[in-house]
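There are 2 protein chains.
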Amino acid sequence: MNNVQEESSRDQKKYRRRLQILEIARGIIATKGLRSLKVRDVAEAAGCSVGSVYNEFGDFDGVILTVNRETVQALTLRLVAVPAADPVRQLYGLATTYLEFFAEHANLLRSLFEHRMEDDRPYPDDILQMVMDAFALMHPPLVRLLPNADDVQIALLSRTLFSAVHGIISLGLEERMVAVPPQMLRQQVEQFLDAHLGGLGILPLR
Amino acid sequence: MNNVQEESSRDQKKYRRRLQILEIARGIIATKGLRSLKVRDVAEAAGCSVGSVYNEFGDFDGVILTVNRETVQALTLRLVAVPAADPVRQLYGLATTYLEFFAEHANLLRSLFEHRMEDDRPYPDDILQMVMDAFALMHPPLVRLLPNADDVQIALLSRTLFSAVHGIISLGLEERMVAVPPQMLRQQVEQFLDAHLGGLGILPLR
DNA sequence: GAGTTAAATGAACATTGTTCAAGTGAGTAT
DNA sequence: ATACTCACTTGAACAATGTTCATTTAACTC
């Protein structure tokens, strides 16, 4: 039972620390990259022992995967908030929103796409599914714009188009590779959509 | 001076072992992924001490980067061999050749695009330049197909288009993500080019 | 308050990248 | 042929980092 001095139960404390660990890990990944994430740094910053990190997440991959899971969730929140009134604007909105999110959280996105599991353990299915779902968000507007097309074809097209946008953005923001200026990148993505939608018989925005 | 028993000078031995180390490292990356590459494994397989690996490559990143360098070189060789007679076919050829190469050497390509340097050391410029140059191989055919376009615009378009193809392929081959069947992926890439070239006012192949 | 149990601890261990003092041997000079 | 030199090799030791677990702690229960 709770008394006055203890403001939180054991579970609440545990949960708070879990969040704290995740926040610290996310901060390190975001600012210094996944490769700079170290168990001891996280434990020290969270004011606990390394054992506690393992107790909470099983292994270190568990911390990374949880951060990655939350990254997809945050991305999805941003993407589903794109207005759906005009399907063409929605497609542009999805692309530029992805660009904005990627630019704001480049290292978190890289952690999501580049992290490899130890040995041959499989990547968690739920994360993969969330990524696939996010990439499928172009499906509804495409259905509206191509009412005569096969639904399976559109599903494929949706993934293809989003993957293409992903490629343009992820390589464009790759500072290793003489990065493209961010404003130019937006223009690049939009021009890409102009041409591609045009080629699909859809009247583009410009 | 050489005698009969020693078939090679010191330098030749050194060079041979360098090649051997690279071959072993490449094999491990290709079959088990970059994360499974270990100095001791490489040294043991090459029949030398870990110190010799360091002596030859400076640090372990040096081995990885040399493998990556050779990967881009091999990729470039394949891409420049694409026939240039018909610029439209050349564009399709570049894309499908990239797909083939990526499918054959998925882990080597991932090593190239996903490897991050320790700390904040910069990625070697020559490798970045080679990647950029490879991605610029769509420039000449695009110039021929869009004679009235600004050359800078075409340079941008070339990189955008290749980046898009890269995104489609790298995510499509990502076995983590319920990979797309390989033959379907080729069709996907070609349909992508159909639509995009069409949108650019270029008559596509199909 | 005593007992139970989940959680925390951190030292010890395992793995892996890195260094370096000592040894080796191919080339060279005499 | 012998001695010398110096670049290269070696592998043990070290450093950094992920992982485990016997012990301790403290929250909860009765």
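Protein chains in written order, with this note's numbering: chain A, 131 to 336; chain B, 131 to 336.
Backbone N, C-alpha and C define an ideal beta-carbon position, used for all residues, glycine too.
These numbers come from a predicted model, not from an experiment.
- Item | Closest residue to B:Thr196 among B:Glu153, B:Asp171, B:Gly181 (Cα-Cα distance) | Closest option to B:Thr196, Cα to Cα, is B:Glu153.
- Task: Find the residues of chain A that neighbour B:Gln318, judging by a C-beta separation of less than 7 Å, and give them in chain order.
- Result: Correct list: Leu286, Thr290.
- Message: Just verifying my parser: in three-state terms, what is the DSSP assignment at B:Arg251?
- Response: Here B:Arg251 carries a coil assignment [DSSP, helix/strand/coil].
- Taking all protein chains shown into account, decide if B:Ile315 is buried (16 or more other Cβ within 10 angstroms of its Cβ) or exposed. Here residue 315 of chain B turns out to be Leu, not Ile, going by the sequence shown. Flag for B:Leu315 reads buried.
- Item | Simplified DSSP assignment, three categories, for B:Leu167 | If DSSP states are grouped into helix, strand and coil, B:Leu167 belongs with coil.
- Query: How about B:Leu333: is its C-beta nearer than 8 Å to some C-beta of chain A?
  - Reply: Using a CB distance cut-off of 8 Å, B:Leu333 does not count as an interface residue toward chain A.
- Query: Hey, quick one: how far does the alpha helix (DSSP H) through B:Val180 stretch, first residue to last?
  - Reply: Its alpha helix (DSSP H) spans residues 180–187.
- Roughly how many angstroms lie between the CA atoms of B:Thr201 and A:Ile257, to the nearest whole one? Here the alpha carbon of B:Thr201 sits roughly 30 Å from the alpha carbon of A:Ile257.
- Message: According to DSSP, is A:Arg300 part of a helix, a strand, or is it coil?
- Response: It is worth fixing the name first, because residue 300 of chain A is Ser in this sequence and not Arg. DSSP places A:Ser300 within a helical segment (H, G or I) once states are collapsed to three.
- Message: For A:Met325, would you say it is in contact with chain B, using Cβ-to-Cβ distances shorter than 8 Å as the test?
- Response: Reading off the sequence, residue 325 of chain A comes out as Ala, not Met. True, the Cβ-Cβ gap to chain B drops below 8 Å.
- Sufficient close CB pairs (3 or more, under 8 Å) joining the region 245–254 of chain A to the region 218–232 of chain A: By the C-beta criterion, the region 245–254 of chain A is judged not to be in contact with the region 218–232 of chain A, since fewer than 3 inter-stretch pairs fall below 8 Å.
- Item | Nearest-angstrom Cα separation, counted from A:Val282 out to B:Ile159 | Using only the alpha carbons, I get a separation of about 35 Å.
- Going along chain B, which residues have a C-beta under 7 Å from A:Ile298? Going along chain B in sequence order, the residues near A:Ile298 (Cβ under 7 Å) are Thr290, Ser293, Ala294, Gly297.
- Contact list for A:Gly302 against chain B, beta-carbon separation under 9 Å: Within 9 Å of the CB of A:Gly302, the CB atoms of chain B belong to Arg289, Thr290, Ser293, in sequence order along the chain.
- Task: Could you tell me the distance, in whole angstroms, from the CA atom of A:Ser288 to the CA atom of B:Thr290?
- Result: Going by C-alpha positions, A:Ser288 is about 18 Å away from B:Thr290.
- Task: List the residues of chain A that B:Gly177 touches, going by C-beta distances under 8 Å, in chain order.
- Result: Within 8 Å Cβ-Cβ: nothing; B:Gly177 doesn't reach chain A, min ~26 Å.
- Hey, does B:Tyr145 have any beta-carbon neighbour from chain A nearer than 8 Å? The beta-carbon of B:Tyr145 is placed no less than 8 Å from the nearest beta-carbon of chain A.
- Query: According to DSSP, is A:Ala294 helix, strand or coil?
  - Reply: In the structure shown, A:Ala294 sits in a helix (DSSP, three-state: H, G or I).
- Query: Three or more beta-carbon pairs under 8 Å between the region 207–221 of chain B and the region 185–193 of chain B, yes or no?
  - Reply: Short answer: they don't touch.
- Message: I'd like the span of the alpha helix (DSSP H) that includes A:Asp141, first residue to last.
- Response: Element bounds for A:Asp141: 140–162.
- Message: If you reduce the DSSP assignment to three classes, tell me which class A:His269 lands in.
- Response: It is helical.
- Query: If we ignore side chains and look at the alpha-carbon of each, how far apart do B:Pro334 and B:Asp324 end up?
  - Reply: So the two alpha carbons sit approximately 5 Å from each other.
- Item | Reduced DSSP secondary structure (H/G/I, E/B, other) of B:Ile332 | B:Ile332 falls in the coil class under three-state DSSP.
- Query: Checking contacts by CB at 8 Å: is A:Gly192 closer than that to chain B?
  - Reply: Not closer than 8 Å to any Cβ of chain B, the Cβ of A:Gly192 fails to qualify, so no.
- Taking B:Tyr253 as the query, report the chain A residues whose CB atoms sit under 7 Å from its CB, ordered along the chain. Under the 7 Å cutoff, chain A gives Arg306.
- Task: Mind listing the chain B neighbours of A:Gly328? Cutoff is C-beta to C-beta under 7 Å, in chain order.
- Result: Chain B residues near A:Gly328: Gly329.
- Checking contacts by CB at 8 Å: is B:Gly346 closer than that to chain A? A query on residue 346 of chain B cannot be resolved here, the shown segment of chain B reaching from 131 to 336 and no further.
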